[in-house]
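Since the structure comes first, as structure tokens, the remarks are kept for the end.
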Amino acid sequence: MLHHCRSFRDKSTVGTLLVGVLVLLALHWLISLEMQQDEVARFAALRIPDDPNFVPFRISSIEDLPTKGVPRIPRRIHQTWQSAMVPTTLQPWIECTLTGNTGYGQDDSARELLKHKYPSLLPVFENYSENIRRADTLRYVVLHEYGGVYADMDMESLKPLDPLIIKYSCFLGQEPYEHSIMDTNFQGLVINALMGCRAGHPFFKMVINILPDFSHMWNVLDSTGPHFLTYAYRTYSKTYPDYSLNHEQWSLPGTCRILLSN
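Reading the sequence shown from the start, the letters are residues 1 to 262 in UniProt numbering.
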């Protein structure tokens with residue numbers, strides 16, 4: 001009888017402790033939520049004076065692009081997803097990209113490509129802790145092997161890509177100014193959501209070669225993403241002393257181009 005009572009008290013104590021822990025977690029969540037709401041409210045109430053001398057960061061000129069000519073980058077669009085079941089919410093974006101760029105092909109064998117033609121990269125690829133790191137790696141590999149244009153599935157093609165692939169053998173996108181300065185304090189940040197290149201271009205060969213050196217980086221932006229690609233571009237640019245760097249554009253004449261953001 002005494003043993004039975006002691007067991008009952010032990011179970012009751014454990015149950016009380018669990019309830020107490022749950023209550024504390026709930027209170028912590030509520031307090032954190034209230035603090036976040038207060039922070040947002042204080043930020044919204046800030047009075048930021050207008051500076052009459054402030055010059056917004058924007059495109060000041062638009063370069064001339066050809067309308068006819070032989071493409072230097074093949075008409076091939078690459079898009080990757082973690083499986084063959086692409087969410088229906090992304091279908092309109094995919095269709096828009098293909099509709100606005102007729103005559104472009106697609107290739108869905110990126111993973112097999114990595115296994116058969118880039119075996120030295122496979123251990124790094126398999127050991128990545130996040131799928132986004134593998135997705136970044138695949139887009140670099142497939143552009144180097146096949147050439148073409150890589151575009152994230154949530155990108156919308158407002159104009160045909162032909163003028164770009166006719167003029168350049170390699171082009172990269174640039175993050176909006178607000179993203180690079182206000183979010184990461186990283187001026188001139190390259191974005192890997194839209195890239196185009198001919199097959200075998202030395203820039204992407206270098207990107208693939210240095211990927212293992214950054215695999216230990218904790219942040220995906222530093223290991224395979226925009227920060228990594230920006231470093232790769234700056235390193236590659238040192239080979240070409242004639243490239244220009246200013247607030248509007250980075251360019252390597254006839255070789256690699258970073259597009260303006262708008």
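We put the beta carbon where it would ideally sit given N, CA and C, even for glycine.
These numbers were taken from a predicted model, which means no experiment stands behind them.
| Item | Value |
| --- | --- |
| Helix, strand or coil for H78? Go by DSSP, reduced to three states. | strand |
| Is there contact here, the stretch 161-171 with the stretch 197-206, by at least three beta-carbon pairs under 8 Å? | yes |
| Determine the burial state of D136: buried for a count of at least 16 other Cβ atoms within 10 Å of its Cβ, exposed for fewer. | buried |
| How about L138 and L114: do their beta carbons lie closer than 8 Å? | yes |
| Does S32 pass the burial test, meaning 16 or more other C-beta atoms within 10 Å, or should it be called exposed? | exposed |
| If you run the structure through DSSP and keep just helix, strand and coil, what is Q106? | Interpretation of Q106 is limited by its pLDDT of 44, a score under 50 that renders its predicted location unreliable; the figure taken from the coordinates is listed afterwards. In the structure shown, Q106 sits in a strand (DSSP, three-state: E or B). |
| Would S223 be called buried (16 or more neighbouring beta carbons within 10 Å of its own) or exposed? | buried |
| Write down the C-beta distance between H227 and Y150 rounded to the nearest angstrom, noting that I regard them as a contact closer than 8 Å. | That pair is no contact at about 18 Å. |
| Might you give, ordered along the chain, the residues of its own chain that have their beta carbon closer than 6 Å to the beta carbon of G69, omitting 5 neighbours on each side? | I166 |
| Indicate the three-state DSSP secondary structure (helix, strand or coil) for Y168 in the structure shown. | coil |
| From Y236, A193, I181, pick the residue whose C-alpha is nearest to that of M206; which is it? | Y236 |
| Nearest to S129 by alpha carbon, out of F171, D50, H216? | H216 |
| Please determine, among A41, D38, F214, the residue with the shortest C-alpha to C-alpha distance to R133. | F214 |
| Ignore the nearest five residues each way along the sequence and tell me which others in P71's own chain have a CB closer than 8 Å to its CB. | D162, I165, I166 |
| Measuring CB to CB, does I208 end up less than 8 Å from Y146? | no |
| Nearest to I191 by alpha carbon, out of P202, F171, F203, I210? | F171 |
| Does the beta carbon of Y118 come closer than 8 Å to any beta carbon on chain C? | No chain C appears in this structure, which consists of one protein chain only. |
| Run through DSSP, which three-state label would M206 get? | helix |
| Helix, strand or coil for Y118, going by three-state DSSP, please let me know. | coil |
| Among I210, A26, V21, P176, whose alpha-carbon lies nearest the alpha-carbon of Y233? | I210 |
| Would you list the one or two residues that DSSP bridges to Q36? | Beta-bridge pairing links Q36 to no other residue. |
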